Amino acid sequence: MNVGIFGANGRMGRVLIEALQENDSSELTLATVRSDSAWVGMNVGELAGIGKLPVSCVGVDAADAASVEVMIDFTLPAAFEDNLAWCVANQKPMVIGTTGLSDAQLSALNEAATQIPIVFAANYSVGVNVMLALVRQAARALGQTADIEITEAHHRFKQDAPSGTALAIGQSIADELGRDLKECAVFGREGKEPPRDHKTIGFATVRGGDIVGEHTALFADIGERLEVTHKASSRLTFARGAVRAANWLKDKAPGLYSMSDVIGLENMQ
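For the working numbering, count along the sequence shown from 1 and bump the result up by 807.
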């Protein structure tokens, strides 16, 4: 499987280079950066710190669509629409891990999925996707009486808050309980407030140091509480999941797929 990366010079882009190099079922054949980037011409292996490889970074405007079968995008929302349009124009399947997308960008993603196959997930860790299934089960059993809070922690450089994964956890719980997350989410508390509304879902965010990613869903009832937690210690976890999704996309029909589809978690929902 010939795979390309948008934003190869980014934090996740570099880890994706490493993940593709260690994967026997795929090969990195295209690595793009901004057309005006100083990274144009840089060898991808040297960029990722794993030794020289037979691919160098090219500007998006010079990308050779014929060299790839699928593209992976973990860039920023500012670059997302151009990357999506490139894949649609060239009929290339796409794995998307960009978070913090606007409603308009999500609408564009859904429209693109009518023309090309897309895997879109807030988190490509297998463990996190198992967690999404587990919190639905917990919500089904405890959600009518327990108070629900979601906490997440990431490195100091992460720009969106709460994280896309935290929102995905909240959405899974809200869906199971028949609630509208936009209506029931609480993203901050300060000062004196009325007693907690049982039907709300709270979010708390921590940013600091080099924390890769930690998420906890808390179901707190009178007399007991359940916590479902996932902790990532390496970005390779996410990159390996994205590469797995890229390989899974081969020969798929146009449509919007999730990591649940990729790893077959339907029976856990």
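All C-beta atoms in this analysis are idealised placements derived from N, C-alpha and C, irrespective of residue type, glycine included. In this text, all values refer to a predicted model and were calculated from it rather than measured experimentally.
Item                                                                                                                                                                            : Value
Considering Cα atoms alone, identify which of Pro861, Phe813 and Ile824 is closest to Val775.                                                                                   : The question about residue 775 has no answer here: the residues shown for the chain are numbered 808 through 1076.
Could you tell me which residues DSSP pairs with Met1066 in its beta bridges?                                                                                                   : Partner(s): none; Met1066 has no beta bridge.
Alpha carbon to alpha carbon, how far is Asn809 from Ala886?                                                                                                                    : 22 Å
Just to confirm, is the Cβ distance from Ile925 to Pro884 under 8 Å?                                                                                                            : no
Looking only at DSSP bridge pairs, what is Leu1025 linked to?                                                                                                                   : Glu956 and Glu1034
Leaving aside the five residues before and after Thr1007 along the sequence, list all residues of the same chain whose C-beta is less than 6 Å from its C-beta, in chain order. : Cys991 and Val993
Fully enclosed by the segment 846 to 930, which beta strand (DSSP E) runs are 3 residues long or longer?                                                                        : 877 to 880, 901 to 903 and 924 to 927
Pick helix, strand or coil for Asn830, following the three-state DSSP scheme.                                                                                                   : coil
Nearest CA to the CA of Ala1060: which residue from Leu827, Thr1012, Ala1011 and Thr921?                                                                                        : Thr921
Return the CA-CA distance between Gln951 and Ser842, expressed in angstroms with no decimal places.                                                                             : 52 Å
According to DSSP, is Asn1054 part of a helix, a strand, or is it coil?                                                                                                         : helix
Report yes or no: do the segment 1063 to 1070 and the segment 822 to 831 share at least 3 C-beta pairs separated by less than 8 Å?                                              : no
Checking the sheet assignment: what are the DSSP bridge partners for Gly814?                                                                                                    : Bridge partners of Gly814: none, in fact.
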